[in-house]
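Top to bottom, those sequences are chains A and B. Just so it is clear: in the first sequence, position 42 is 41 by numbering that gives the first Met the number 0, and no numbers are missing. Just so it is clear: in the second sequence, position 116 is 115 by numbering that gives the first Met the number 0, and no numbers are missing. Reading through the structure tokens given below for one structure.
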Amino acid sequence: MKKNIKYAFPKTLPVMCGYLFLGIAWGIVLEEAGYNYIWAFFISMFVYAGSMQFTMVPLMVAAASPVTMAVTTLFVNSRHLFYGLSFVESFKKIRQRPYLIFGLTDETYSVLCGCKNEDPDEKHRESWFWITLMDQCYWIIGSVLGALLGEFLPFDFTGIDFAMTALFVVILLEQLLKKPKMNGAVAGFGALAAVICLFVFGADKFLLPALLITVTFVFIFTCIVKMEGRDNAV
Amino acid sequence: MQFNWYTVMLIAITAVITFLLRAIPFMIFGGGKKMPDRVKKVADLLPAAIMTVLVIYCIKGELLSIATGVSITAIGSAVALLVVVAVHLWKRNTLVSIGVGTVIYMVLIRVLPMWIK
Numbered sequence: 000m001k002k003n004i005k006y007a008f009p010k011t012l013p014v015m016c017g018y019l020f021l022g023i024a025w026g027i028v029l030e031e032a033g034y035n036y037i038w039a040f041f042i043s044m045f046v047y048a049g050s051m052q053f054t055m056v057p058l059m060v061a062a063a064s065p066v067t068m069a070v071t072t073l074f075v076n077s078r079h080l081f082y083g084l085s086f087v088e089s090f091k092k093i094r095q096r097p098y099l100i101f102g103l104t105d106e107t108y109s110v111l112c113g114c115k116n117e118d119p120d121e122k123h124r125e126s127w128f129w130i131t132l133m134d135q136c137y138w139i140i141g142s143v144l145g146a147l148l149g150e151f152l153p154f155d156f157t158g159i160d161f162a163m164t165a166l167f168v169v170i171l172l173e174q175l176l177k178k179p180k181m182n183g184a185v186a187g188f189g190a191l192a193a194v195i196c197l198f199v200f201g202a203d204k205f206l207l208p209a210l211l212i213t214v215t216f217v218f219i220f221t222c223i224v225k226m227e228g229r230d231n232a233v
Numbered sequence: 000m001q002f003n004w005y006t007v008m009l010i011a012i013t014a015v016i017t018f019l020l021r022a023i024p025f026m027i028f029g030g031g032k033k034m035p036d037r038v039k040k041v042a043d044l045l046p047a048a049i050m051t052v053l054v055i056y057c058i059k060g061e062l063l064s065i066a067t068g069v070s071i072t073a074i075g076s077a078v079a080l081l082v083v084v085a086v087h088l089w090k091r092n093t094l095v096s097i098g099v100g101t102v103i104y105m106v107l108i109r110v111l112p113m114w115i116k
């Protein structure tokens with residue numbers, strides 16, 4: 000266990016920076032909406048979805064209908080549909096599978112992708128649970144701190160959440176270095192689709208269409224590459 | 000704000016749907032059977048594609064600012080991201096690349112407004 004925690008902790012440091020900062024930001028929003036740190040604790044514990052937690056606060060204040068809440072959650076979080084696909088086989092061999100599925104946020108997904116990329120045989124698979132757990136702890140601690148201390152925090156941490164952008168870039172870079180051709184092709188298309196969608200749909204709505212188009216492309220791409228492979232074999 | 004069950008119900012709905020969305024791939028392909036080959040191939044290529052989209056998501060504000068006039072955070076991000084990539088190609092140490100990039104970003108967004116004025 001100690002070995003697994005030792006492996007997991009450094010991998011979660013960038014997420015720690017991001018989650019503490021964003022968690023605090025969300026805690027402040029929640030507190031200003033009239034909900035205290037106990038609410039912050041339980042929402043971050045059971046919902047655990049950053050962008051949805053920001054979205055849900057005004058809906059809670061307005062006592063939105065259950066249907067509105069459900070549909071909003073579906074839209075904001077639908078991107079998570081795709082994340083599990085990369086880990087279906089790997090998670091089968093993990094005891095704490097339900098928790099890993101529950102905790103598969105954008106950031107934990109990214110860190111686990113990074114782990115899988117650097118360790119394809121998954122020798123350190125046992126650490127994945129700890130990575131997921133530590134990430135959620137940072138998020139909970141951040142949210143509670145935000146709700147408790149509000150704007151009285153002693154330092155100006157603005158910009159520390161850049162660690163998360165940097166984390167995503169480094170993980171992507173590693174994937175590109177590993178398989179430049181295949182990953183390069185899908186990444187190039189993903190970038191193009193995302194930028195076009197960003198300017199067409201706007202900042203708040205582009206993520207889902209961008210992911211849908213990219214996943215569709217990856218599907219078509221694997222069909223084409225497979226056919227090429229066969230041709231070469233013949 | 001006093002405790003009320005209605006809000007608890009709204010939170011519960013959000014929690015359940017969020018979990019279900021994350022669990023659907025596992026419910027479809029997680030059984031005893033192996034994943035179909037085609038799906039596995041797609042799943043292997045998805046991480047790089049999704050990571051790229053997430054990177055664009057992180058810098059969406061900066062990208063959009065290009066259309067209206069480049070913002071200070073956009074310049075800061077661009078420089079810091081170049082540093083992250085350069086340091087990473089040089090050292091191949093994830094934490095060093097992220098640490099250096101983040102510090103540079105935090106310094107730039109504080110210092111740039113003074114310079115540009």
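In this text, a Cβ means the ideal position worked out from N, Cα and C, and glycines have one as well.
Counting only beta-carbon separations shorter than 9 angstroms, does residue i have a partner in chain B?
i	result
A:Trp38	yes
A:Gly158	yes
A:Asn182	yes
A:Glu173	yes
A:Val28	no
A:Lys122	no
A:Tyr34	yes
A:Gly22	no
A:Tyr18	no
A:Ala146	no
A:Leu80	yes
Have a look at the options and flag the residue whose alpha-carbon is nearest the alpha-carbon of residue i.
i	options	result
A:Ala190	A:Leu73, A:Lys177, A:Val75, A:Pro208	A:Pro208
B:Thr13	A:Tyr47, A:Leu166, A:Gln135	A:Tyr47
B:Leu44	A:Gln174, A:Ala63, A:Val87	A:Gln174
A:Met181	B:Asn3, B:Asp36, B:Lys40, B:Phe18	B:Lys40
B:Val38	A:Arg124, A:Val87, A:Thr104	A:Val87
A:Thr157	B:Asn92, B:Leu53, B:Val110	B:Val110
A:Lys122	A:Ile140, A:Ile93, A:Ser109, A:Val143	A:Ile93
A:Asn76	A:Pro65, A:Val60, A:Ala162, A:Met51	A:Met51
A:Ile159	B:Met26, B:Met113, B:Met105, B:Pro112	B:Met105
A:Cys136	A:Ile195, A:Phe8, A:Ile27, A:Lys2	A:Phe8
B:Gly75	B:Ile108, B:Val69, B:Leu88	B:Ile108
B:Thr101	A:Phe81, A:Thr215, A:Phe161, A:Ala63	A:Phe161
A:Phe218	B:Gly31, B:Trp114, B:Ala42, B:Val7	B:Ala42
A:Phe34	B:Pro112, B:Asn3, B:Ile115	It should be noted that the sequence gives Tyr, not Phe, for residue 34 of chain A. The residue with the shortest Cα to Cα distance from A:Tyr34 is B:Asn3.
A:Ile23	A:Lys177, A:Tyr36, A:Phe128, A:Leu111	A:Tyr36
A:Met44	A:Tyr6, A:Phe101, A:Arg96, A:Pro65	A:Phe101
A:Pro119	A:Val14, A:Phe154, A:Ser89	A:Ser89
A:Phe220	A:Ile195, A:Phe188, A:Ser85	A:Phe188
A:Ser149	A:Val194, A:Met15, A:Tyr108, A:Ala32	Checking the sequence shown, residue 149 of chain A turns out to be Gly, not Ser. Of the candidates A:Val194, A:Met15, A:Tyr108, A:Ala32, the one whose C-alpha sits nearest the C-alpha of A:Gly149 is A:Ala32.
B:Pro112	B:Val86, B:Val69, B:His87	B:Val69
A:Thr71	A:Lys204, A:Phe216, A:Thr213, A:Met0	A:Lys204
Could you check how far apart the C-beta atoms of residue i and residue j are, in whole angstroms? I think they sit under 8 angstroms.
i	j	result
A:Leu197	B:Ala47	Not really, about 19 angstroms apart at Cβ, beyond 8 angstroms.
B:Val82	B:Ile103	5 angstroms
A:Leu58	A:Thr67	7 angstroms
A:Gly113	A:Leu19	About 20 angstroms; that fails the 8 angstroms criterion.
B:Ser64	B:Ala73	5 angstroms
A:Met163	A:Gly17	4 angstroms
B:Phe18	A:Gly83	Not a contact, Cβ separation roughly 11 angstroms.
A:Gly183	A:Thr104	Wrong, their Cβ atoms sit about 26 angstroms apart, outside the cutoff.
B:Arg91	A:His79	Not confirmed; about 30 angstroms, so no contact.
A:Thr11	A:Val169	That belief does not hold up - the Cβ atoms of A:Thr11 and A:Val169 are roughly 14 angstroms apart, past 8 angstroms.
A:Leu99	A:Phe128	6 angstroms
B:Ile97	A:Ala165	4 angstroms
Any Cβ of chain A within less than 9 angstroms of the Cβ of residue i?
i	result
B:Val41	yes
B:Ile58	yes
B:Leu111	no
B:Ile16	yes
B:Thr67	no
B:Ile10	yes
B:Ala73	no
B:Ile49	yes
B:Ile55	yes
B:Ile23	yes
I want to check one thing, is the minimum distance from the CB of residue i to the heavy atoms of the ligand PLP below 8 angstroms?
i	result
A:Leu103	In terms of ligand content, the structure shown is empty, and the ligand PLP therefore cannot be addressed.
Go ahead and pull the three-state DSSP assignment for residue i.
i	result
A:Gln95	coil
B:Arg21	helix
A:Pro119	coil
A:Phe154	coil
A:Asn182	helix
A:Glu125	coil
A:Asn76	helix
B:Ala77	helix
A:Thr104	coil
B:Gly36	A small correction: the amino acid at residue 36 of chain B is Asp; Gly does not occupy that position in the sequence shown. Here B:Asp36 sits in helix by DSSP.
A:Phe239	Since the first residue shown for chain A is 0 and the last is 233, residue 239 of chain A is missing from the structure and cannot be characterised.
Under a CB-based cut-off of 9 angstroms, is residue i close to chain E?
i	result
B:Ser76	Included in the structure are the protein chains A and B, with no chain E among them.
Note down, in chain order, all residues in the segment 129-142 of chain A with a beta-carbon under 8 angstroms from any beta-carbon belonging to chain B. none
Proximal residues, the segment 85-107 of chain B versus chain A, C-beta separation under 7 angstroms: His87, Thr93, Leu94, Ser96, Ile97, Gly100, Thr101, Tyr104, Met105
Select from the segment 86-97 of chain A all residues with a C-beta closer than 7 angstroms to any C-beta belonging to chain B, and list them in chain order. Val87, Glu88, Phe90, Lys91
Could you list the residues in the segment 0-13 of chain A with a C-beta less than 9 angstroms from some C-beta on chain B, going in chain order? Pro9, Lys10, Leu12, Pro13
Taking a Cβ distance cut-off of 8 angstroms, strictly less, list which residues of the segment 51-66 of chain A are near chain B, in chain order. Met51, Met55, Leu58, Met59, Ala62, Ala63, Pro65
Contact set between the segment 101-119 of chain A and chain B, restricted to residues whose Cβ is under 7 angstroms from the partner: Phe101, Leu103, Asp105, Ser109, Cys112
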